[in-house]
Structures are given as C-alpha cells and as structure tokens.
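Please read the structure below before turning to the comments.
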Amino acid sequence: MKFFYKYLKLLILVLALLLLFLLYGEFWNVTRTFPFITVHNQNINKSTIELYDLDSKLDSLKRANYIFLYRNNADNLIFKLLSDKNDSLKIHPLLDNSNGLSLTLPEFNYTTKDSIIGLYNNMAKSLTLNFDNSHFILFSYDDNHYTFNNINDKSMNNQLKDIPIDNIVITFYESENLKTSSELSGAGLLFTGGRIVDIEWSKKDGAPIKIVDERGKPISIIEGKVCWIIADNSVKIDFK
Numbered sequence: 005m006k007f008f009y010k011y012l013k014l015l016i017l018v019l020a021l022l023l024l025f026l027l028y029g030e031f032w033n034v035t036r037t038f039p040f041i042t043v044h045n046q047n048i049n050k051s052t053i054e055l056y057d058l059d060s061k062l063d064s065l066k067r068a069n070y071i072f073l074y075r076n077n078a079d080n081l082i083f084k085l086l087s088d089k090n091d092s093l094k095i096h097p098l099l100d101n102s103n104g105l106s107l108t109l110p111e112f113n114y115t116t117k118d119s120i121i122g123l124y125n126n127m128a129k130s131l132t133l134n135f136d137n138s139h140f141i142l143f144s145y146d147d148n149h150y151t152f153n154n155i156n157d158k159s160m161n162n163q164l165k166d167i168p169i170d171n172i173v174i175t176f177y178e179s180e181n182l183k184t185s186s187e188l189s190g191a192g193l194l195f196t197g198g199r200i201v202d203i204e205w206s207k208k209d210g211a212p213i214k215i216v217d218e219r220g221k222p223i224s225i226i227e228g229k230v231c232w233i234i235a236d237n238s239v240k241i242d243f244k
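Those letters in the sequence shown? Residues 5 to 244, per the working numbering, in order.
Right under this line is the structure:
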C-alpha cells in the first residue's frame with residue numbers, strides 16, 4: 005500500500021509539472037506573438053479580449069472594434085478581438101495578470117474619407133495575403149469599406165464577407181528580434197479609404213507602439229473597425 009501511495013504522489017507530481025509546462029508554452033506563444041502591442045486607447049477596455057479560432061464565434065467579429073489576425077505555430081489563423089467597453093460581449097481576459105503583456109494600441113489620428121484622399125495618393129482596391137500557401141485571404145474595397153472577399157476555408161466565406169472593415173493595418177516583424185531586442189521596429193502597410201500607405205512602427209520598453217507614415221507623421225485612419233494583421237516576412241502580399 006505504501007508503494008501505491010508513493011507511486012500515486014509521483015504520478016500527480018509528473019502531471020502537475022506537465023500542466024505547468026503546457027501553460028507556460030501557451031503563455032510564451034501569446035507574449036512572443038504580441039510583444040509590441042499593449043491596451044492604451046480611448047474607449048477600449050483591457051478585459052474585452054478573447055482568443056478565437058477561425059471556425060468559432062464569427063458573429064463577435066462583426067461587433068468588435070479591432071480584429072487582430074495572425075498565424076500561430078500550428079499554422080492556424082487566429083483572431084483576437086477588442087471591443088468597445090460599452091459593448092455587451094461577454095469576453096474573458098486574454099492574460100489574467102497585471103504585467104501589461106496583453107494588447108495595447110497606439111492613439112490613432114481619426115479623420116474622414118475625404119481627408120484620407122487628400123493625405124494619401126496611392127490607390128489600392130484589393131489586397132491578397134498568402135501565408136506560406138497554408139492560408140490566403142483576399143480583401144476587396146467597395147462601398148467605402150473593405151471586406152473579406154475570399155478565404156481558402158470555403159465554409160467561412162459567407163460569414164466573413166459580411167464584416168465591413170474601415171482600415172487594415174499590417175505590421176511585419178523579424179522573429180529573432182523579438183527575443184533579443186528591447187527596442188523593436190519594423191515596416192508595414194496601411195490600407196484606408198481605398199488608399200495604401202507605407203508605414204513604420206517602433207516600440208521601446210515601457211512605451212506604446214508608434215506608427216508613422218512615409219513622411220514620418222503619425223498615421224491617420226478612418227474612424228471605424230480596424231483589422232490589424234501581424235505577420236513575419238514570409239507572408240506574401242499583392243495589391244492593386
């Protein structure tokens with residue numbers, strides 16, 4: 005009997021260590037994916053964040069103010085949502101801690117479509133993203149909004165295409181830099197009002213992310229829904 009209890013204690017210890025390892029792995033995956041974004045914006049409640057797979061709760065995508073989209077280590081497309089704090093969505097915190105490792109946004113300059121036309125000259129009415137041929141997404145611009153026009157998961161197309169998006173922000177990162185550098189930076193693209201803009205982002209420890217346009221000025225976007233795509237340099241992008 006003593007041998008049985010000793011074996012049982014050892015088994016419980018091994019299972020506990022395995023659980024801690026799995027939890028740490030998931031935590032590392034989240035913080036590694038979003039090391040440069042923390043919640044720092046008007047009307048955004050830090051608790052209104054949840055992790056979604058592509059095949060669940062798509063109705064919430066329509067009501068979210070910010071849609072974060074990236075590919076995880078298992079090559080699945082993942083959505084993270086931020087909604088206005090007055091929204092009635094029941095969404096649990098992404099990370100239940102106080103160390104600021106969840107999503108934080110820059111303070112965008114909001115403007116009108118007419119002003120965007122005056123600010124940015126280069127037009128782009130469609131955008132295709134190819135994630136190493138494992139996933140592709142096509143956005144089209146029509147009736148003053150971007151929409152998910154096509155995605156390689158056909159079962160999602162009819163639901164995704166009804167989600168109007170006002171701005172698409174794409175930020176590129178170098179995987180190795182995330183592990184070694186205290187000051188992160190990279191390039192990106194902004195699609196707003198049917199225009200495309202080259203952007204640059206930077207993030208220092210303890211400071212919000214900064215995003216500027218090709219003239220070095222903080223980017224201006226149309227007030228409304230933002231789709232923020234976080235991608236490494238393997239993602240192929242075509243637009244016209």
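Cβ atoms here follow ideal geometry from the backbone N, Cα and C, with glycine treated the same way.
Keep in mind it's a predicted model, so treat the numbers as computed, not measured.
Test: ARG67 CB closer than 8 angstroms to a CB of chain B: Among the chains in the structure shown there is no chain B, since it carries only a single protein chain.
Extent of the continuous beta strand (DSSP E) run through GLY224: The sequence given here places Ser at residue 224; Gly does not occur at that position. That run of the beta strand (DSSP E) goes 224-226.
N- and C-terminal bounds of the beta strand (DSSP E) containing GLY192: Counted as a single uninterrupted DSSP element, the beta strand (DSSP E) harbouring GLY192 occupies residues 187-196.
Cα-Cα separation, GLU208 to LYS214: Per the sequence shown, residue 208 should be read as Lys rather than Glu. Between LYS208 and LYS214, the C-alpha separation is close to 9 angstroms.
Cutoff 8 angstroms; reference ILE226; Cβ partners in own chain excluding five residues on either side: Non-local C-beta neighbours of ILE226 in its own chain, meaning closer than 8 angstroms and more than five positions away in sequence, comprise TYR114, THR115, THR116, LYS117, ILE120, ASP170, ASN171, THR196, GLY197, ordered along the chain.
Among ASP242, VAL173, ILE200, the one whose alpha carbon lies nearest that of TYR70: Ranking the options by Cα distance to TYR70, first place goes to VAL173.
Boundaries of the alpha helix (DSSP H) in which SER138 is found, first to last residue: Segment: none, SER138 is in no alpha helix (DSSP H) and carries neither H nor E.
CB of ILE223 within 8 angstroms of CB of ILE241, strictly: No, the pair does not count as a contact, with Cβ atoms beyond the cut-off.
Unbroken beta strand (DSSP E) run spanning ILE167, endpoints: The continuous stretches of beta strand (DSSP E) do not include ILE167, and DSSP gives it neither H nor E.
ASP118: first and last residue of the uninterrupted beta strand (DSSP E) it sits in: It is not in any beta strand (DSSP E) - ASP118 instead sits in the alpha helix (DSSP H) that spans 117-123.
ARG67 in three-state terms, based on DSSP: Three-state result, ARG67: helix.
When ILE233, SER144, GLU111 are compared against PHE72, the one with the closest alpha-carbon: The option with the nearest alpha carbon to PHE72 is ILE233.
Outcome for GLU218 when other beta-carbon atoms lying within 10 angstroms are tallied against a minimum of 16: Exposed, by the Cβ-count rule.
Beta-carbon proximity check, GLU178 vs ASN126, cutoff 8 angstroms: It is not a contact, given that the beta carbons lie outside the stated cut-off.
Beta-carbon contacts of SER138 that lie in its chain and below 8 angstroms, excluding the five residues immediately before and after: If we look at SER138 and ignore the five residues flanking it on each side, its Cβ neighbours are ARG75, ASP79.
Simplified DSSP state of ILE174, which is helix, strand or coil: Looking at ILE174 - three-state DSSP - the assignment turns out to be strand.
Boundaries of the beta strand (DSSP E) in which SER206 is found, first to last residue: 199-208 is the extent of the beta strand (DSSP E) around SER206.
Sheet register partners of ARG75 (DSSP bridge): BP columns for ARG75 point to LEU81.
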